[in-house]
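Participant: Mind having a look at this structure? Questions to follow.
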């Protein structure tokens, strides 16, 4: 087993430096995280590993990718082949170790990596491009994507497909060349494009998915009320961002990488009362002393509002 160390405030650079070494792909890894104070965090195990991959991709989406609900990597002068190969290794290692897949990565781009451009259909390109652009993007073709011909009702579909091809496949081709051999190791898990789409769908959290995963055995009125309040809180997570934060709190990752959430009950009260998550086993400790739903909502929302969670439970 190889023990690696990363700094919570510098995870992207630390991981890229570590994954320059090809030997890491054949090694079991255990991660130690150094917090913002320079102190080693107590947390260990699968939950911390998921947390590190999640933080890496969150930062990478913003700094190395372009697009909205689907994104593709873009060429930067300060990222050469070694850096892009390292990012490709991180993608593969994340999936092989904990089934983590960066779901903002364009499905069409990934399909092209696996099987080449010949498998990419017009429907795939168009759907990915719809997700790639912003919802309220105006004057799309003429102003934003350097369209060089007059667009009309007869050629608009062809023009959109051509622009989609340029943005999703041509522009990131250098990165695709860097990644192709690395990501091919994932082919057994993805026999066709439908398998990619299905996997993405399974990983994206929803209210119904989370509720169906809850496992609890309340024995008192307080515990039954606590569970009822928790379910009500989950039903109120009405945006993808809120759902992702809740899932990351209980599991270490913003993706559905678990089949069950075990809810255990405590008697914590007063200032010490709070929901406690054990991310390695996806266990949630919930107090049975909540007198009303707003009490639980206030405490849970305060936790989820923070962008910094230190893993302090082994």
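Residue numbers (the numbering used here): 225 to 538. Even for Gly, the Cβ is constructed at its ideal location relative to N, Cα and C.
Do you know offhand how far residue 400's Cα is from residue 337's?
Facilitator: Taking the straight line joining both Cα atoms gives about 6 Å.
Participant: Could you check which residue in 460, 350, 357, 402 has the C-alpha nearest to that of residue 518?
Facilitator: 460
Participant: Cα separation between residue 234 and residue 466?
Facilitator: 24 Å
Participant: Expressed to the nearest angstrom, what Euclidean distance is found between the alpha-carbon atoms of residue 309 and residue 391?
Facilitator: Near 21 Å, if we compare the C-alpha coordinates of residue 391 and residue 309.
Participant: State the DSSP-derived secondary structure class of residue 487, mapped to helix, strand or coil.
Facilitator: Strand at residue 487.
Participant: What is the rounded straight-line gap between the Cα of residue 296 and the Cα of residue 423?
Facilitator: 18 Å
Participant: Looking only at its own chain, which residues have a Cβ that is under 6 Å from the Cβ of residue 213, when we skip the five neighbours before and after it?
Facilitator: The requested residue 213 does not occur in the structure, where the chain is confined to residues 225 to 538.
Participant: Helix, strand or coil for residue 268? Go by DSSP, reduced to three states.
Facilitator: coil
Participant: Across the region 477-494 and the region 420-436, are there enough close Cβ pairs to call them in contact, namely three or more that are closer than 8 Å?
Facilitator: Result yes; three or more Cβ-Cβ pairs closer than 8 Å.
Participant: Could you check the C-alpha separation between residue 448 and residue 463 for me, to the nearest Å?
Facilitator: 26 Å
Participant: Give me the Cβ distance between residue 294 and residue 328, rounded to the nearest whole Å; I'm assuming they're in contact under 8 Å.
Facilitator: That pair is a contact at about 7 Å.
Participant: So residue 347 is in the alpha helix (DSSP H); what residue range does that whole segment cover?
Facilitator: 346-356
Participant: Does DSSP put residue 280 in a helix, in a strand, or in coil?
Facilitator: helix
Participant: Thinking residue 523 and residue 498 are a contact (beta carbons under 8 Å), I'd like their distance in whole angstroms, please.
Facilitator: 6 Å
Participant: Counting pairs of Cβ atoms below 8 Å between the region 341-352 and the region 266-281, do you hit three or more?
Facilitator: no
Participant: Apart from the five residues on each side of it in sequence, which residues of its chain come closer than 6 Å, Cβ to Cβ, to residue 333?
Facilitator: 296, 392
Participant: Using only alpha-carbon positions, find the residue among 475, 501, 394 that is nearest to residue 429.
Facilitator: 475
Participant: Would you tell me roughly how many angstroms separate the C-alpha atoms of residue 362 and residue 388, rounded to the nearest one?
Facilitator: Because the pLDDT of residue 362 is 42, which lies under 50, any placement of that residue in the model is unreliable, and the number read from its coordinates should be weighed accordingly. About 16 Å.
Participant: Which class does residue 305 belong to by DSSP, given the choice of helix, strand or coil?
Facilitator: helix
Participant: Name the residue from 312, 397, 386 whose alpha carbon lies nearest to the alpha carbon of residue 340.
Facilitator: 397
Participant: Write down the C-beta distance between residue 322 and residue 247 rounded to the nearest angstrom, noting that I regard them as a contact closer than 8 Å.
Facilitator: Between residue 247 and residue 322 the Cβ distance is about 20 Å, and since that is not below 8 Å, they are no contact.
Participant: Who does residue 508 pair with in a DSSP beta bridge?
Facilitator: 487, 501
Participant: Between 384, 271, 415, 511, which has its C-alpha nearest residue 489's C-alpha?
Facilitator: 511
Participant: Using the beta-carbon count (16 or more within 10 Å), is residue 427 buried or exposed?
Facilitator: buried
Participant: Report the residue from 514, 504, 506 whose alpha carbon sits nearest the alpha carbon of residue 494.
Facilitator: Considering only alpha carbons, the answer is 514.
Participant: Given a cut-off of 7 Å on the beta-carbon distance, is the pair residue 226 and residue 256 in contact?
Facilitator: With respect to the 7 Å criterion, residue 226 and residue 256 are not classified as neighbours on the basis of their beta carbons.
Participant: What is the rounded straight-line gap between the Cα of residue 239 and the Cα of residue 508?
Facilitator: Their backbone Cα atoms lie some 29 Å apart in a straight line.
Participant: Determine the extent of the beta strand (DSSP E) in which residue 257 is found, giving its start and end residues.
Facilitator: 253-258
Participant: Cα-Cα, which of 408, 394, 262, 326 is closest to residue 286?
Facilitator: 326
Participant: Of the choices 350, 403, 445, whose alpha-carbon is the least far from that of residue 385?
Facilitator: 350
Participant: Within this structure, are the beta carbons of residue 331 and residue 420 separated by less than 7 Å?
Facilitator: yes
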